[in-house]
Ligand SMILES: Nc1ncnc2c1ncn2[C@@H]1O[C@H](COP(=O)(O)OP(=O)(O)O)[C@@H](O)[C@H]1O
Ligand SMILES: [Mg+2]
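Residue numbers (our numbering), protein chains in the order written: chain A, 15 to 350; chain B, 171 to 497.
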């Protein structure tokens with residue numbers, strides 16, 4: 015990805031990341047040459063169908079890929095420090111302290127056997143030099159910050175005594191407990207009631223803005239992306255097919271896959287009926303087609319799409335991996 | 171909480187009544203007890219007199235009521251074989267069996283849990299595979315064979331541990347213990363291992379599979395993502411979550427250990443209730459058999475009750491009495 019030299023170092027730089035699973039019949043490449051950056055305080059949305067490699071990218075960044083999954087190429091650089099090859103105990107000190115995480119299901123993210131207060135103080139004391147009393151004070155402040163009413167009483171309750179939405183607030187408090195610079199939020203509202211989703215996203219967005227925390231926000235929901243993210247990366251079959259400022263990607267989707275995804279949000283001034291419908295399903299990792307992985311489902315595919323894999327290249331304010339934009343620069347940049 | 175305990179107690183009473191009925195039936199309809207008590211030359215009159223004395227001529231409901239009433243007062247009848255009150259007979263054998271069973275359970279836990287944790291944390295390690303293989307042997311070999319093998323190795327070949335008996339037992343009031351003398355402790359080792367080996371492998375496999383399962387859960391992943399140390403993740407988060415099933419199984423197995431002590435006691439000539447039971451079976455000594463049954467059932471019921479209460483201590487989700495209103 016041809017990014018102009020930035021004056022200030024990005025918070026996170028992922029370069030040509032590759033995640034593979036060794037299997038009996040060869041290796042499966044689940045994340046295939048993914049590159050992106052996140053600036054301090056920026057919200058990067060990551061979208062794509064289930065199985066696109068979003069969660070694995072997040073897990074790779076925080077160093078929690080589950081074996082046999084492995085990073086087999088590229089690098090991950092956090093504030094100038096390469097972190098993808100750190101020994102386990104050094105990476106552990108980064109987790110929670112410099113990169114926080116929020117997972118999909120708040121109902122299962124908390125240990126059922128411990129009070130939320132204990133889980134909070136344990137996290138705080140792992141990373142910060144605080145005594146039990148000071149940690150508890152901080153835990154209370156966090157609970158109030160995430161909007162738990164009657165925090166003084168609630169702090170000594172167990173996870174099962176909280177509703178799903180309240181539990182996700184606790185999870186957010188836990189992720190923010192040691193003030194990380196980056197939070198990886200993997201579908202933080204997918205498991206929640208629709209009526210609560212917006213609240214949680216708004217809370218996350220507000221807290222991260224207040225603390226200057228950057229967010230990698232993985233979600234299916236283009237609506238959430240449109241409202242929350244500064245930039246958005248669209249993933250398909252382990253690759254980024256389009257990345258750029260959220261307004262550009264949402265309003266002027268360039269990649270045919272992105273165009274199809276945008277069909278999932280009704281936007282003002284857009285004729286929904288004319289949107290390209292994406293037929294079919296994403297290919298399985300062991301059957302990724304030659305050329306562009308999207309070509310069997312793409313209505314605009316032509317010869318070269320079936321033989322040659324398109325690279326991510328700059329097209330106006332965004333970067334797109336699509337042969338439609340291989341054309342002379344005069345035509346490029348205008349949505350097809 | 172109170173309601174829960176009361177409900178459990180009620181269930182326990184029901185179970186005990188059913189078992190008593192079975193014991194009573196055994197008492198009255200298996201064999202002819204008189205035959206086992208008297209010699210060949212006893213006359214028919216003498217036999218009838220004995221029947222009357224033992225209350226064997228009364229109507230059945232009356233006899234059952236008397237049986238229950240007597241049992242509640244600790245009067246479990248008189249052994250046909252030894253002409254001694256069964257209660258006293260069993261009580262004199264109880265300490266040996268309980269000490270053996272407890273030693274076996276402690277062995278099973280102290281060895282099984284760490285092995286299981288290790289296998290759960292490092293399922294691919296060679297040592298874990300070895301544990302797995304050994305546990306398969308432990309599960310599939312019959313107890314008496316394990317006992318005989320241990321005797322062969324440690325008593326016959328190495329000659330470092332006794333092959334039978336309880337060593338030296340010391341009386342503490344009515345309780346006799348072998349735990350206070352070196353000979354008693356040495357005598358305990360082989361039978362305890364024999365008796366506990368099956369449970370040890372069971373606990374190991376249970377802890378292993380529970381650990382593997384718990385380690386895959388989201389809250390463990392999240393605990394790691396929070397940057398907690400491995401020790402905190404593995405022990406205070408993962409292991410604690412495996413405890414509920416481990417407590418259940420260990421509790422139920424403690425009952426099984428006491429019940430299955432019969433075989434081990436026979437192999438090692440351990441002077442416990444099991445040995446007494448086997449001997450009374452050979453002589454159709456029904457009062458002893460029936461009382462043994464009732465006692466084993468009572469132990470099972472008590473253990474189950476304790477297990478249920480332990481759940482409360484471990485798992486806050488069961489403490490429903492606190493208003494856990496979700497906001
Ligand atoms: N343990 C595994 N073995 C083989 N393939 C896996 C494994 N875990 C995930 N994958 C594959 O990796 C791909 C990306 O998964 P993921 O990152 O979870 O997708 P998503 O974008 O939905 O979060 C999927 O196709 C999935 O099948
Ligand atoms: Mg996912």
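No residue lacks a Cβ here, since even glycine has one placed at the ideal position from N, Cα and C.
Predicted, not measured: the structure shown is a model, and the values here were computed from it.
Length of the line joining the Cα atoms of residue i and residue j
{"i": "residue 393 of chain B", "j": "residue 257 of chain A", "result": "31 Å"}
{"i": "residue 203 of chain A", "j": "residue 62 of chain A", "result": "16 Å"}
{"i": "residue 460 of chain B", "j": "residue 276 of chain B", "result": "29 Å"}
{"i": "residue 488 of chain B", "j": "residue 296 of chain B", "result": "39 Å"}
{"i": "residue 336 of chain B", "j": "residue 365 of chain B", "result": "15 Å"}
{"i": "residue 32 of chain A", "j": "residue 172 of chain B", "result": "58 Å"}
{"i": "residue 129 of chain A", "j": "residue 174 of chain A", "result": "9 Å"}
{"i": "residue 29 of chain A", "j": "residue 323 of chain A", "result": "18 Å"}
{"i": "residue 361 of chain B", "j": "residue 102 of chain A", "result": "45 Å"}
{"i": "residue 412 of chain B", "j": "residue 210 of chain A", "result": "33 Å"}
{"i": "residue 485 of chain B", "j": "residue 234 of chain B", "result": "42 Å"}
{"i": "residue 282 of chain A", "j": "residue 389 of chain B", "result": "Confidence in residue 282 of chain A is poor, its pLDDT being 49 and thus under 50, which makes the residue's placement unreliable; the coordinate value appears in the next sentence. Whole-angstrom Cα-Cα distance: 40 Å."}
{"i": "residue 247 of chain A", "j": "residue 234 of chain A", "result": "12 Å"}
{"i": "residue 416 of chain B", "j": "residue 465 of chain B", "result": "25 Å"}
{"i": "residue 242 of chain A", "j": "residue 400 of chain B", "result": "35 Å"}
{"i": "residue 228 of chain A", "j": "residue 479 of chain B", "result": "47 Å"}
{"i": "residue 188 of chain B", "j": "residue 254 of chain B", "result": "26 Å"}
{"i": "residue 185 of chain B", "j": "residue 418 of chain B", "result": "19 Å"}
{"i": "residue 182 of chain B", "j": "residue 471 of chain B", "result": "6 Å"}
{"i": "residue 257 of chain B", "j": "residue 403 of chain B", "result": "50 Å"}
{"i": "residue 266 of chain A", "j": "residue 154 of chain A", "result": "45 Å"}
{"i": "residue 350 of chain B", "j": "residue 338 of chain B", "result": "9 Å"}
{"i": "residue 323 of chain B", "j": "residue 330 of chain B", "result": "9 Å"}
Proximal residues to residue i (C-beta, below 8 Å), its chain only, five neighbours per side dropped
{"i": "residue 290 of chain A", "result": "With a pLDDT of 43 at residue 290 of chain A, under the threshold of 50, the modelled position of this residue cannot be trusted; read the value that follows with caution. Answer for residue 290 of chain A: 270, 273, 274, 277, 313, listed in chain order."}
{"i": "residue 219 of chain B", "result": "none"}
{"i": "residue 270 of chain B", "result": "358, 361, 362, 365, 431, 434, 435, 440, 442"}
{"i": "residue 163 of chain A", "result": "none"}
{"i": "residue 414 of chain B", "result": "481, 484, 485"}
Sequence-distant residues of its chain with Cβ nearer than 6 Å to residue i (five each side left out)
{"i": "residue 435 of chain B", "result": "442, 444, 445"}
{"i": "residue 88 of chain A", "result": "29, 30, 31, 32"}
{"i": "residue 421 of chain B", "result": "473, 477"}
{"i": "residue 385 of chain B", "result": "408"}
{"i": "residue 437 of chain B", "result": "314, 317"}
{"i": "residue 424 of chain B", "result": "275, 473"}
{"i": "residue 289 of chain B", "result": "298, 301, 378"}
{"i": "residue 319 of chain A", "result": "305, 306, 309, 337"}
{"i": "residue 197 of chain B", "result": "456, 460"}
{"i": "residue 264 of chain A", "result": "240"}
{"i": "residue 315 of chain A", "result": "309"}
{"i": "residue 450 of chain B", "result": "458, 459"}
Contacting residues, own chain, Cβ-Cβ under 7 Å from residue i (five flanking each side not counted)
{"i": "residue 42 of chain A", "result": "34, 35, 299, 300"}
{"i": "residue 182 of chain A", "result": "120, 202, 206, 214"}
Beta-bridge partners of residue i, as assigned by DSSP
{"i": "residue 197 of chain A", "result": "A:114, A:229"}
{"i": "residue 58 of chain A", "result": "A:230, A:245"}
{"i": "residue 250 of chain A", "result": "A:253"}
{"i": "residue 31 of chain A", "result": "A:48"}
{"i": "residue 95 of chain A", "result": "A:92"}
{"i": "residue 345 of chain B", "result": "B:342"}
{"i": "residue 43 of chain A", "result": "A:34"}
{"i": "residue 85 of chain A", "result": "A:33"}
Practice task
Pull out every residue of the stretch 162-174 of chain A whose Cβ sits closer than 9 Å to any Cβ of chain B, in chain order.
Solution key: Contacts with chain B (Cβ-Cβ distance below 9 Å) from the stretch 162-174 of chain A involve 162, 163, 164, 168, 171, 172, 173, 174, listed in chain order.
Exercise for the section: Quick one: which residues of the stretch 409-423 of chain B get their C-beta closer than 7 Å to a C-beta of chain A? List them in chain order. Expected result: Those residues of the stretch 409-423 of chain B that come within reach of chain A (Cβ to Cβ, closer than 7 Å) are 410, 411.
Exercise for the section: Check distances from the C-beta atoms of the stretch 121-141 of chain A to those of chain B and list, in chain order, the residues that come in under 7 Å. Expected result: Hits within the stretch, in order: 122, 123, 124, 125, 126, 127, 136, 137, 140, 141.
Handout entry: Three CB pairs or more closer than 8 Å across the stretch 438-452 of chain B and the stretch 255-265 of chain B
Key = A contact exists between the stretch 438-452 of chain B and the stretch 255-265 of chain B.
Practice task
Determine contact between the stretch 116-135 of chain A and the stretch 83-95 of chain A, defined as no fewer than three beta-carbon pairs at a distance below 8 Å.
Solution key: Because the criterion of three Cβ pairs below 8 Å is not met, the stretch 116-135 of chain A and the stretch 83-95 of chain A do not touch.
Practice task
Could you name the residues of the stretch 95-111 of chain A whose beta carbon sits closer than 7 Å to any beta carbon of chain B, in the order they occur along the chain?
Solution key: Look at the stretch 95-111 of chain A: the residues with a C-beta under 7 Å from a C-beta of chain B are 106, 107, 109, 110, 111.
Problem - Members of the stretch 207-239 of chain A near chain B, C-beta cut-off 7 Å - result: Under the 7 Å Cβ criterion, the stretch 207-239 of chain A contributes no residue.
Exercise for the section: Taking 8 Å as the threshold, find out whether the stretch 173-189 of chain A comes into contact with the stretch 210-217 of chain A through three or more Cβ pairs. Expected result: Yes: the two stretches touch, three or more of their Cβ pairs being nearer than 8 Å.
Handout entry: Under 9 Å (Cβ pairs) to chain A, residues found in the stretch 382-399 of chain B
Key = Hits within the stretch, in order: 386, 387, 388, 389, 390, 391, 392, 393, 394, 395, 396, 397, 398, 399.
Problem - Meets three-Cβ-pair contact criterion under 8 Å: the stretch 63-78 of chain A and the stretch 349-361 of chain B - result: Flag = no, the stretch 63-78 of chain A and the stretch 349-361 of chain B do not touch.
Practice task
Taking only beta carbons into account, state which residues of the stretch 62-81 of chain A come closer than 7 Å to chain B, listed in chain order.
Solution key: Listed by position, the residues of the stretch 62-81 of chain A near chain B (Cβ gap below 7 Å) are 76, 78.
Handout entry: Inter-stretch contact (C-beta, 8 Å, three-pair minimum) for the stretch 38-52 of chain A and the stretch 102-112 of chain A
Key = Taking a cut-off of 8 Å on C-beta distances, the stretch 38-52 of chain A does not touch the stretch 102-112 of chain A, as fewer than three cross pairs fall below it.
Handout entry: At least 3 beta-carbon pairs within less than 8 Å: the stretch 369-383 of chain B vs the stretch 338-350 of chain B
Key = Taking 8 Å as the limit for Cβ pairs, the verdict is that the stretch 338-350 of chain B does not touch the stretch 369-383 of chain B.
Exercise for the section: Please name the residues in the stretch 303-336 of chain A whose beta-carbon is closer than 9 Å to at least one beta-carbon of chain B, in chain order. Expected result: The stretch 303-336 of chain A vs chain B, Cβ under 9 Å: nothing.
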